[in-house]
Structure formats: C-alpha cells, structure tokens
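Going by UniProt numbering, the sequence shown opens with residue 1, and the numbers climb by one from there. Every residue, glycine too, gets a C-beta built ideally from N, C-alpha and C. No experiment lies behind these values; they were computed from the predicted model shown. First up is the structure itself, then whatever we jot down about it.
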Amino acid sequence: MIVPASMSVERLRVLREFADRGTVTAVAAALSMTPSAVSQQLKVLAKEAGVALLEPDGRRVRLTDAGHALVLRADEVLAAMDRAVAEMAHYRGSPRGQVRVAFFPSGAALLLHRVLGELGDSGVEIIAGDEDVPPTETQRLLADYDIVLTHRDEYAAAVSGPRVAARPLMREPIDVVVAPTHRLAGRAAVTPAELADETWISVRGGFPVDDVLNSIAALTGVQPRVTQRLNDFRVIETVVASGYAIALMPRFVVVHPELSVLRLSGVRAARIYELVTRPHADRRPAIAKVLAAFHAAAEQITGRA
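Below, the structure is given as structure tokens:
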C-alpha cells in the first residue's frame, strides 16, 4: 500500500494515535485537541485515502482493514520524518535530544542510574517513566514512549507484532529467598519438591516471577499457598526477612543483607529483559545512543555475576 502524496503527515499522526489509544477521546487528550477536531481530521484523511478507514463498533468506531494497513504505512512515514529531523541534528553535532523511556520499577532500580552514567554529557537526555504492566501490555506504551524496558519469563514468547521491535537485553536468574531463621537458610540450592509445603509471597499474575511459581506448581503437583501478592520487591524482602513466608526474587535485585538466597535446582528459572521500540526506531541517532547505553549497562551487571 502506497501512501498518496496528498495525505497530511499530521493526519497520519492522528490515525496512528487512534490505533495506539483506541478511542477518539483518548487521542484528543493526548494531542491536546477536541474530540470533534480529531474526528474531522480522520474524516479528511479517509477522503485523501479514497477508502473508509473507520467503521462503527457499538457506540465507538474501530479501524477497518484498510485503516490497519494505512497505520503500518503511517508508522513508516512518521519514522522517516523523525529520522530526517534526527539526521539534521546529527549534522549540527553529535546525537542530541530527549528520548522517552518506560521502566518497570525493579528494572529502573537496577539499570536507570547505569544508563544515565553511560550517556554522561552526550547531549542525549532520558525522560524516564515508571510503568508496571505485564509484558502483554507493552505495545500500548509505545504511544507515549520511544523505548519500553520490559521483562518476561524466559519460556514466554518475545513481544512481537508488525508495529513493534523487541531486542533482548539480558537474562536474570530467579532464586528463592528465605529468612535467616528458615529451615533452608544457608543452603546453596533447593529443589521444587522441598518447597511444596511453604507459604509464599508472590507478585501479581502475568509477571515473570509468578510464571516461575506456576512452573514449580506444575513440577510438584502442589498449588502454592500464596498469601500476599505485592509488586514491590523491597516490601517483599522485608516481609520474607521477618519469617512470615518465602518468595521468588530476581537475583540482581536482592539487597536485603539478612536474606538467604537459594538457587532453584533442576529448574531453569529466569526473566528476560527486552527493549521494545517502533520498527527502525534505532535509526534515530538519539535512540540508538540510548539503546547502546542500555547494553553497556547490562554488561556491567552480567559481567560481574
């Protein structure tokens, strides 16, 4: 599908926002427009395209097949415009500008300061956001961010789709943490069978740590007794250290000095960090610079492990 030259780039941007956000009202809020102005822009774009781009869906509207096809081309056009702006900036000097990056909390605690250190005074500035969502919701964050740092269970599929590109960053093992007074404290490793009768604290469903706990349940045939679900690992550490329960935690985020960390024997358990962008976003020099800083920061961590 070729984008006619008569199509407005700004109207293509409105169409892409609609594909990302799903409603005219949400697009209006994101672009500081009125809903009627958004609707008008989409109607004009349909006339320019010569085909219906939207169709009724109950009280709302949704993209037609032609609309979905044009969104893919809009991604390409807008990416090319962004690259042109970035390339002109490159000719004026080194890569510069702001790059919006979404971090999940424990990923931010582990990587943000290292990435900032790698960037130094390069002229590229990160605008970080805290977004704690399951990997399945990653794509929607690209409406507001240039790069999304996400994590998934290593047996889960990578984020994929025609409008996203996922780059693996690093692998982080997931271990069992117990209080210093626990019967297993001091051990180097533990088998799933030895954990069958334990009380657990876990994260909310859909996140990698909970996926590993489900794998343990499948191996032992015993459903874990989860009494609390919290997504703040600092809180989990404190509660585990009190002797209330045990937990699974990613290896590089454990900081509580009293916890005993045990490797899971016979189970390959880890979460995979990924950097998700629009396709070809790395052609923008500033984004490429930030992606490189992430990989250098990850090497600092995995190289010492």
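| Query | Result |
| --- | --- |
| For Val38 versus Val61, is the C-beta spacing smaller than 8 Å? | no |
| In the DSSP assignment, find the beta strand (DSSP E) that holds Phe103 and state where it starts and stops. | Gly97 to Phe103 |
| Less than 7 Å between C-beta atoms, sequence neighbours within five positions excluded: which residues of the same chain meet that for Thr191? | Ser265 and Gly266 |
| Is the number of C-beta pairs between the segment 251 to 261 and the segment 117 to 131 that are closer than 8 Å three or more? | no |
| Helix, strand or coil for Met81? Go by DSSP, reduced to three states. | helix |
| Could you compute how far the alpha carbon of Pro105 sits from the alpha carbon of Ser202? | 16 Å |
| Where Met1 and Met81 are concerned, what is the direct C-alpha to C-alpha distance, given to the nearest angstrom? | Unreliable placement is indicated for Met1, whose pLDDT of 49 sits below 50; the coordinate value is still reported in the next sentence. Straight-line Cα distance between these residues: approximately 18 Å. |
| With Ala193 as the anchor, note down where its beta strand (DSSP E) starts and where it stops. | From DSSP, Ala193 is part of no beta strand (DSSP E); its letter is neither H nor E. |
| If you run the structure through DSSP and keep just helix, strand and coil, what is Met33? | coil |
| Based on Cα-Cα distance, which residue from Leu259, Ala79, Ala218 and Arg225 lies nearest to Ile236? | Leu259 |
| Please name the residue, chosen from Gly107, Gly117 and His182, that lies closest to Val133 on a Cα-to-Cα basis. | Gly107 |
| Entirely within the segment 123 to 186 and at least 4 residues each: give me those alpha helix (DSSP H) ranges in chain order. | 138 to 141 |
| Just to confirm the assignment, what range does the alpha helix (DSSP H) spanning Ala218 have? | Pro208 to Thr220 |
| If we count the other Cβ atoms within 10 Å of its Cβ and call it buried at 16 or more, is Tyr273 buried or exposed? | buried |
| According to DSSP, simplified to helix, strand and coil, what is Met1? | Caution applies to Met1, whose pLDDT of 49 falls short of 50 and renders its modelled position unreliable; the value that the coordinates give is listed next. Coil. |
| Going by DSSP, what residue range makes up the beta strand (DSSP E) through Ala270? | Ala270 to Thr277 |
| Give me whichever residues DSSP pairs with Pro56 in a beta bridge. | Val61 |
| Flag this pair as yes or no: are the beta carbons of Ser215 and Ala166 separated by less than 8 Å? | no |
| What residue range is occupied by the uninterrupted beta strand (DSSP E) comprising Leu262? | Ser260 to Leu264 |
| Of the residues Glu154, Arg59 and Ala179, which one's Cα is nearest the Cα of Phe207? | Glu154 |
| Could you pull the start and end residues of the alpha helix (DSSP H) that Ala281 belongs to? | No alpha helix (DSSP H) contains Ala281, which DSSP labels as neither H nor E. |
| Can the beta-carbon of Ala19 be found less than 8 Å from the beta-carbon of Leu63? | yes |
| Between which residues of its own chain and Ala245 is the CB-CB distance below 8 Å, once the five residues before and five after are set aside? | Glu198, Thr199, Trp200, Ile201, Thr227, Gln228 and Val239 |
| Run through the DSSP bridge pairs and tell me what residue 318 is partnered with. | Residue numbering for the chain in the displayed model covers 1 to 305; residue 318 lies beyond these limits and cannot be assessed. |
| Rank Leu149, Arg171 and Arg73 by C-alpha distance to the C-alpha of Thr277 and give the top, closest one. | Leu149 |
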